[in-house]
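Residue numbers (my numbering): 2 to 199. Working notes, structure below.
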Amino acid sequence: MRPKSVFASQLTKDWCAPAGMQMVLASLGLADTSDRFQTKLANRVGEFEAWADSHNGSWGPSAIVEALEAYGARGYEIRAYGSRQHALRDSARALSETGSPVVIIAWRGAHTWIMTGYKADADPRIFDDARINGTYILDPWYPRISSIWGASDPPGTYQDASEMSRNFLPWRRPEGRYPDRDGKFIVLVPTVVVAPPG
């Protein structure tokens, strides 16, 4: 997969989830990268959102999983981990087993990153103690610059361990508590191989 061929920049500052889902779907052959598709997807948030999932009425992890399912990307699961390395190792394993990208909930739960590859010191499908040294990321915020997180990187940029430590942080949201997520590293991982359409 060529990163640029499935990349979609978020059309507004709040649409990282629709853009992230769009890139997942595009990588699976289930959507295009047009502004029209992203707008249509973003406008469907009311079909999927719930207060328990997102206290601010926007896209939460459960809504993302439900929307992906609605568009044919079945089998994504929300998982919460006590350590970044555990989250990345399981994400890498799921990516290798299914060939589908992983949705990383970055910036303390405020942003989505799409993980399309990784580097490790061993195969995480075989070795439970494999260490993930970094990941290849599609960041829908690109080419913007965040006043908090800095400049985003072009599609497919390798994010090493220091960059993952800076951007992939435990969930902590200002709008309220989420007992199942607070203080944990949240990822949406694929669990089944999605057959291409046609």
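Every residue, glycine too, gets a C-beta built ideally from N, C-alpha and C.
Residue interval of the beta strand (DSSP E) (run including residue 120) | From DSSP, the beta strand (DSSP E) with residue 120 extends over 112 to 121.
One or two residues paired with residue 191 in a DSSP bridge = 77
For residue 120, the nearest candidate out of 162, 150 and 172 (CA to CA) | 162
As assigned by DSSP and simplified to three states, the class of residue 149 = coil
With DSSP collapsed to three states, give me the class of residue 168.
-> helix
Can you tell me the Cα-Cα spacing of residue 192 and residue 77, whole angstroms?
-> 6 Å
Report yes if the C-beta distance between residue 68 and residue 31 is below 8 Å; otherwise report no.
-> no
Could you work out which residue in 6, 3, 11 and 5 is closest to residue 146 when comparing CA atoms only?
-> Comparing Cα-Cα distances from residue 146 to each of 6, 3, 11 and 5, the minimum goes to 11.
To which residues does DSSP link residue 11 through a beta bridge?
-> Its beta-bridge partners do not exist; DSSP assigns none.
In the DSSP assignment, what residue or residues form a beta bridge with residue 161?
-> 135
May I have the straight-line CA-CA distance separating residue 71 from residue 131, to the nearest angstrom?
-> 34 Å
Where the beta strand (DSSP E) through residue 107 begins and ends | 103 to 107
Euclidean distance between Cα positions of residue 110 and residue 176 = 11 Å
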